[in-house]
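K.L.:
Numbering (our numbering), first residue to last: 801 to 1229.
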């Protein structure tokens, strides 16, 4: 009998121990899952691990393709990866870069000045768990149907958990940034576009129908024919502390389509008229809004949105709500009166270099036009602006000995700590 009791007790203790281990593992998994992709990241999808724990891939040349190229790192390597750069300068693309394999970090902040400039074509994302930071993308508007960045499902995968942070996009023939409608009933979700300068070209930003949980946070979007931004039907979107300047369409932002009701929270945004704005226009319009749409766009109080013209077209009236349908609790929303000065200093791929000899002339020109309320909508590529020369730096000298370790126990890998330090230096934080 005593032996039976001992055996039963032994099994009970083992079961308890296994249960404790399982609970601890689940708890750790939840903590890991809740970790922002970089410290301070906020918005839908920012809890992605991206390339964390993966292979460190070094871009060693500015060739369009081949060994050591960015195209090889994005398209040909299938494993989780963090892409860093030994070179800075212009990559003249012969075709768009395509990202089909998930769990990817592209750390443009690791490139030596003047950074990485993709010229001619842009970048297409067809997969999930992707972080892009600190890239210049200059599409050639002479090439039809080209975007600087497009995010779209394909036959085999669906994008989600995608973060685009501190990038500069200009001159696309179609959209500078497009989250396209879904493919075969697969739709995008959980994405954040933050701290970007999106300027010139044809259209600004498209958020396609049925894209859900999309955040646009602290971006400048300017000099577009239309779509600053355009939201399709059935979307769920936060637009927070963005600045929109100079659009030639009837409104900066159009909302709605037959694909369903929209849920939209706008807080602390600024809409500024420029030389191409129509005097009878509005900041926001929703002629195609569907019944059941809910829009929060306050014109008073701490989350006020400001416009130098009419803010809301009458078509939005039936959908307006007094409380945000998409939660704002996770965000530090600054007053609209402070948005322009903050964003002018901090958006784009490499803001800290703008006052140095390495400052990007295209970004500086756009921001100068914003400050002086001038400039025109154009999709004209301007090769007379000089591209910088190639610079090199061996990232291996900066990389930690154990890149995927965690020396300080904060759940960010050692290589991520280095990437964050380099990002902070470029972002004036």
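Yeah, the Cβ is synthetic: ideal placement off N, Cα and C, and Gly gets one too. Values in this document were obtained by computation on a predicted structure and should not be read as measured data.
Sort out for me which residues DSSP pairs residue 1038 with in a bridge.
P.N.:
As a first step, residue 1038 must be located in the chain shown, where it is residue number 238. Paired residue(s): 1015 and 1065.
K.L.:
So if DSSP puts residue 892 in a beta bridge, which residue, or which two residues, is it bridged to?
P.N.:
As a position in the chain shown, residue 892 is number 92, starting the count at 1. Per DSSP, 919.
K.L.:
Where do the N-terminal and C-terminal ends of the alpha helix (DSSP H) with residue 1163 fall, by residue?
P.N.:
Counting from 1 along the chain shown, the entry for residue 1163 is found at position 363. Start and end: 1161-1171.
K.L.:
Where residue 970 and residue 1160 are concerned, what is the direct C-alpha to C-alpha distance, given to the nearest angstrom?
P.N.:
In the chain shown, the residue the question calls residue 970 occupies position 170. In the chain shown, the residue the question calls residue 1160 occupies position 360. Rounded to whole angstroms, residue 970 to residue 1160 spans 12 Å at the Cα level.
K.L.:
With distances taken between CB atoms, is the gap from residue 1220 to residue 960 smaller than 7 Å?
P.N.:
Along the chain shown, read from residue 1 onward, the residue named residue 1220 stands at position 420. Along the chain shown, read from residue 1 onward, the residue named residue 960 stands at position 160. No, they are not a contact pair.
K.L.:
My understanding is that residue 939 touches residue 973, with C-beta atoms under 8 Å, so please give their C-beta distance in whole angstroms.
P.N.:
Taking the chain shown and counting its residues from 1, one reaches residue 939 at position 139. Taking the chain shown and counting its residues from 1, one reaches residue 973 at position 173. Between residue 973 and residue 939 the Cβ distance is about 7 Å, and since that is below 8 Å, they are a contact.
K.L.:
Hey, could you find the ends of the alpha helix (DSSP H) residue 1219 is sitting in?
P.N.:
Mapped onto the chain shown, residue 1219 falls at position 419. Taken as a continuous stretch (DSSP letters only), the alpha helix (DSSP H) holding residue 1219 covers 1214-1227.
K.L.:
Does the distance from the C-beta atom of residue 1036 to that of residue 1012 stay below 7 Å?
P.N.:
Taking the first residue of the chain shown as 1, we reach residue 1036 at position 236. Taking the first residue of the chain shown as 1, we reach residue 1012 at position 212. It is a contact, given that the beta carbons lie within the stated cut-off.
K.L.:
Please work out which residues of its chain come closer than 8 Å, Cβ to Cβ, to residue 1128, disregarding the five sequence neighbours upstream and downstream, and give them in chain order.
P.N.:
Within the chain shown, the letter at position 328 stands for residue 1128. Excluding residues within five positions, the ones whose Cβ falls inside 8 Å are 1038, 1040, 1065, 1067 and 1103.
K.L.:
Just mark residue 848 as buried or exposed, buried being the case when its beta carbon has 16 or more other beta carbons within 10 Å.
P.N.:
Reading the chain shown from its first residue, position 48 is the one you call residue 848. Burial is judged here by how many other beta carbons sit within 10 angstroms of a residue's own beta carbon; residue 848 has at least 16 and is buried.
K.L.:
Within the segment 1084-1154, note down every full beta strand (DSSP E) run reaching 3 residues or more, in order along the chain.
P.N.:
1094-1096 and 1110-1112
K.L.:
For the beta strand (DSSP E) containing residue 859, list its first residue and its last residue.
P.N.:
Counting from 1 along the chain shown, the entry for residue 859 is found at position 59. Counting along the chain, the beta strand (DSSP E) containing residue 859 begins and ends at 855-859.
K.L.:
In the DSSP assignment, what are the bridge partners of residue 905?
P.N.:
Taking the chain shown and counting its residues from 1, the one referred to as residue 905 is at position 105. In the DSSP output, where bridge partners are listed per residue, residue 905 has 882 and 931.
K.L.:
Measuring CB atoms only, is the segment 888-907 touching the segment 1143-1150, in the sense that at least three cross pairs come out at less than 8 Å?
P.N.:
No contact exists between the segment 888-907 and the segment 1143-1150.
K.L.:
What separation, rounded to the nearest whole angstrom, lies between the Cα atoms of residue 1162 and residue 1091?
P.N.:
For the purposes of this step, residue 1162 is taken as residue 362 along the chain shown, with counting starting at 1. For the purposes of this step, residue 1091 is taken as residue 291 along the chain shown, with counting starting at 1. If you take the alpha carbons of residue 1162 and residue 1091, they lie about 42 Å apart.
K.L.:
According to DSSP, simplified to helix, strand and coil, what is residue 1031?
P.N.:
Here residue 1031 is taken as the residue at index 231 of the chain shown, counted from 1. Three-state result, residue 1031: strand.
K.L.:
Opposite residue 862 in the DSSP bridges: which residues?
P.N.:
Looking up residue 862 in the chain shown gives position 62. Answer by DSSP bridge pairing: none, since residue 862 is not bridged.
K.L.:
Determine the burial state of residue 822: buried for a count of at least 16 other Cβ atoms within 10 Å of its Cβ, exposed for fewer.
P.N.:
For this step, residue 822 is matched to residue 22 along the chain shown. For residue 822, the predicted model reports a pLDDT of 36, less than 50, meaning its position is unreliable and no value from the coordinates is stated.
K.L.:
Under a three-way DSSP split, which group does residue 980 fall into?
P.N.:
Counting from one through the chain shown, the residue named residue 980 turns up at place 180. Here residue 980 sits in coil by DSSP.
K.L.:
Which residues in the same chain have their Cβ closer than 8 Å to the Cβ of residue 921, if we skip the five residues on either side of it in sequence?
P.N.:
Along the chain shown, read from residue 1 onward, the residue named residue 921 stands at position 121. Around residue 921: 893, 894, 895, 896, 897, 939, 940, 943 and 946.
K.L.:
Kindly indicate which residue of 1110, 1126 and 1082 has the alpha-carbon position closest to the one of residue 1062.
P.N.:
Taking the first residue of the chain shown as 1, we reach residue 1062 at position 262. Looking at the Cα atoms, 1126 is the closest of the given residues.
K.L.:
Considering only C-alpha positions, which residue in the set 949, 1141, 1086 and 1108 is nearest to residue 1120?
P.N.:
By one-based count along the chain shown, residue 1120 stands at place 320. Cα-wise, what sits closest to residue 1120 is 1086.
K.L.:
Do residue 1034 and residue 1059 have their CB atoms nearer than 7 Å?
P.N.:
For the purposes of this step, residue 1034 is identified with residue 234 of the chain shown, where counting begins at 1. For the purposes of this step, residue 1059 is identified with residue 259 of the chain shown, where counting begins at 1. In contact: residue 1034 and residue 1059 (Cβ atoms closer than 7 Å).
K.L.:
For the 8 Å Cβ check, are there 3 or more pairs between the segment 995-1004 and the segment 1163-1176?
P.N.:
yes
K.L.:
Note the first and the last residue of the continuous beta strand (DSSP E) segment covering residue 1004.
P.N.:
Translated into the one-based positions of the chain shown, residue 1004 becomes position 204. Counting along the chain, the beta strand (DSSP E) containing residue 1004 begins and ends at 1003-1007.
K.L.:
Between the alpha carbons of residue 1184 and residue 884, how many angstroms are there, rounded?
P.N.:
Locating residue 1184 in the chain shown gives position 384, where the first residue counts as 1. Locating residue 884 in the chain shown gives position 84, where the first residue counts as 1. With a pLDDT of 39 at residue 1184, under the threshold of 50, the modelled position of that residue is not reliable, and no figure is offered here.
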